[in-house]
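A short write-up of the structure that comes next.
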Amino acid sequence: MDAIIEIAIAKYNYWMYISLMMIGLYAIIAKNNFVKKIIGMNILQTAIILFYISISAKRGATIPIIRHAEGHGHEAVNAMEYMNPLPHVLMLTAIVVAVATLGVALALTVRLYARFETLEEDEINDQIREAQ
Amino acid sequence: MIWQLDLAILTLVAICAVAAITVRDLLGAAVLFGAYSFMLCLLWAIMGAVDVAFTEASVGAGVSTVFFIAAVFRTTRRTKD
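From first to last, the protein sequence lines are chains W and X.
Taking my numbering, I'd label the letters of the first sequence as residues 1 to 132.
Taking my numbering, I'd label the letters of the second sequence as residues 1 to 81.
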């Protein structure tokens, strides 16, 4: 039992990633306002980024830049001394994609407001039902 | 990675996320989302991902907040939830 509790506490980054993901999913599903839904979508995307960055972190490692100062240039590179840079590079792409989806979603929201004069999902549904 | 700092900033991240989706004012939600992005930027820097940290600071906390505030000014600040 103690071993299980120890593992659960040691992985707190992953627990926080799961709770952030659930906060974002709740906002997407349960919130009525479109801007709130978009904020929830962004929180979900950043939760995924937190998961990947947590994978790359190591205890006692430094940032992934190889030392090239005087007297350091000819040493062998030991991978255990550096964080894993591969998830970092993948997540750079994810951040840019997140901003692109945010721009498209906000542009659609502005167009919806110009058409329906409201940002609430249920009011827009009512207006569409009345028009039919 | 300094775990005390990591845990403190993770707590701030969760508080900012919950506040951003519960506040009843869209401009306030946009600003709280900017604070959330900046806390995440500090978190990436602590965890050794400096390239992700400065991309998040410029793109996540900068451009996203500007997009949200521009959209809120073009539409409305009122929200029911």
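C-beta atoms are modelled at their ideal positions from N, C-alpha and C, and glycine is treated no differently.
Check the Cα spacing between W3 (chain X) and each of W:R59, W:I5 and W:M80: the tightest is with W:R59. Around I28 (chain W), the same chain offers K37, G40, M41 and L44 as residues with beta carbons nearer than 8 Å, after the five sequence neighbours per side are excluded.
Shortest Cα-Cα distance from M91 (chain W) to any of X:A53, X:C16 and X:L32 involves X:A53. Along the region 75–87 of chain W, the positions whose C-beta sits under 9 Å from a C-beta of chain X are Y82, M83, P85 and P87, read in chain order. At a Cβ-Cβ threshold of 8 Å, K31 (chain W) and I21 (chain X) count as neighbours.
Residues of the region 18–51 of chain X with a C-beta atom less than 7 Å from some C-beta of chain W are V18, A20, I21, L26, A29, F33, L40, W44, M47, G48, A49, V50 and D51, listed in chain order.
Any Cβ of chain W closer than 8 Å to the Cβ of V66 (chain X) would place that residue at the interface, and such an atom is absent. For the set W:P87, W:N84 and W:A47, the Cα lying nearest the Cα of I23 (chain W) is the one of W:A47.
Under the criterion of beta carbons closer than 8 Å, V59 (chain X) and I95 (chain W) qualify as touching, at roughly 6 Å.
Only V99, L102, G103, L106, T109, V110, Y113, L119 and E120 from the region 99–132 of chain W bring a Cβ to less than 7 Å from some Cβ of chain X. Burial is judged here by how many other beta carbons sit within 10 angstroms of a residue's own beta carbon; F38 (chain X) has at least 16 and is buried. According to the DSSP assignment, R115 (chain W) belongs to the alpha helix (DSSP H) that extends over P85 to F116. Distance between Y36 (chain X) and L5 (chain X), taken at the CA atoms: about 16 Å. In the DSSP assignment, L7 (chain X) falls within the alpha helix (DSSP H) that extends over W3 to T22.
By a beta-carbon distance limit of 8 Å, T75 (chain X) does not contact V104 (chain W). Their separation comes to about 16 Å.
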